[in-house]
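Structure record follows, encoded as structure tokens.
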Amino acid sequence: MEQHLKKRILGAFVTVVAIAIALPIVLDGSRRQAGLQTVLPPMPATADSGYVEDERRVRIELEQLASGEAEAQIAVPDSRVVIQDDPQPPGVRVDRTSLDQEGVPYAWTLQLGAFSDLDNANGLRDKLRSKGYKAYTQTFPADNLTRVYVGPEVQRSEIEALQKKLVKDLGQKDIHIKRYRAES
Numbered sequence: 001m002e003q004h005l006k007k008r009i010l011g012a013f014v015t016v017v018a019i020a021i022a023l024p025i026v027l028d029g030s031r032r033q034a035g036l037q038t039v040l041p042p043m044p045a046t047a048d049s050g051y052v053e054d055e056r057r058v059r060i061e062l063e064q065l066a067s068g069e070a071e072a073q074i075a076v077p078d079s080r081v082v083i084q085d086d087p088q089p090p091g092v093r094v095d096r097t098s099l100d101q102e103g104v105p106y107a108w109t110l111q112l113g114a115f116s117d118l119d120n121a122n123g124l125r126d127k128l129r130s131k132g133y134k135a136y137t138q139t140f141p142a143d144n145l146t147r148v149y150v151g152p153e154v155q156r157s158e159i160e161a162l163q164k165k166l167v168k169d170l171g172q173k174d175i176h177i178k179r180y181r182a183e184s
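In full-length UniProt numbering, the protein residues as written are 1 to 184.
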């Protein structure tokens with residue numbers, strides 16, 4: 001027999017067998033998909049005391065906000081506006097780091113401006129950072145001002161040199177040296 005004829009006969013045989021097996025299953029109807037049945041336990045009852053405690057806590061927090069207690073707790077202390085450079089403390093050498101009476105090292109920073117618009121302050125900060133300066137901002141809600149600083153440096157001589165460089169780079173003369181105190 002020819003090869004082509006053998007393939008046709010084999011294909012017809014496989015088709016007839018497949019129909020003979022599948023047709024009774026389809027016509028019978030007893031083969032339905034059985035869903036998986038699971039038995040879930042009922043949801044446990046929760047104590048109402050948790051909700052009551054949360055409501056009390058929220059109520060207390062709202063009362064604190066209304067009375068001003070919460071605002072007093074998170075109020076940022078006022079910072080003075082720098083009009084002129086902070087003087088060098090007596091006994092502190094320019095080329096050395098020293099500690100104050102509280103044991104905190106002296107560090108110095110430069111104030112370049114105070115802005116009522118946060119976008120302007122961030123714009124100056126970003127401009128300074130793009131030029132390679134360590135610039136940062138600090139917001140004072142009491143004054144509604146955001147101040148822009150460069151620094152800090154632990155040696156006064158370094159901050160004075162940085163002040164001269166910034167005056168030359170920016171053409172701004174009102175850059176003041178201020179004692180840096182880390183926020184806690």
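No residue lacks a Cβ here, since even glycine has one placed at the ideal position from N, Cα and C.
Reduced DSSP category for residue i - H, G, I as helix; E, B as strand; rest coil
i: Q64; result: helix
i: T15; result: helix
i: P24; result: helix
i: residue 193; result: Any property of residue 193 remains undetermined from this structure, which presents the chain solely from 1 to 184.
i: E2; result: coil
Segment limits, beta strand (DSSP E) that includes residue i
i: A114; result: 108–115
i: G123; result: No beta strand (DSSP E) holds G123; the alpha helix (DSSP H) holding it covers 118–130.
i: Y136; result: 135–140
i: I177; result: 176–179
Alpha helix (DSSP H) segment containing residue i, residue limits
i: E160; result: 156–170
Exposure of residue i, with buried meaning 16 or more beta-carbon neighbours within 10 Å
i: P152; result: buried
i: F115; result: buried
i: A18; result: exposed
i: Q111; result: buried
i: Q163; result: buried
i: R129; result: exposed
i: R181; result: exposed
i: A45; result: exposed
i: T38; result: exposed
i: V148; result: buried
i: I25; result: exposed
i: residue 271; result: Because the chain spans 1 through 184 in this model, residue 271 falls outside it and cannot be assessed.
Rounded separation between residue i and residue j - CA only
i: L118; j: I60; result: 33 angstroms
i: A12; j: D28; result: 24 angstroms
i: V154; j: G123; result: 26 angstroms
i: I9; j: E2; result: 11 angstroms
i: K178; j: W108; result: 6 angstroms
i: P141; j: A121; result: 14 angstroms
i: T137; j: Q64; result: 30 angstroms
i: A135; j: L166; result: 12 angstroms
i: T146; j: T139; result: 4 angstroms
i: S67; j: R57; result: 15 angstroms
i: D143; j: P42; result: 58 angstroms
i: I21; j: K7; result: 21 angstroms
i: I159; j: Y106; result: 12 angstroms
i: R125; j: L40; result: 59 angstroms
i: L5; j: L36; result: 48 angstroms
i: K127; j: K168; result: 15 angstroms
Contact test: residue i Cβ vs the ligand FAD heavy atom, cutoff 6 angstroms
i: V150; result: Of the ligands one can find in the structure shown there are none, so the ligand FAD has no counterpart to examine.
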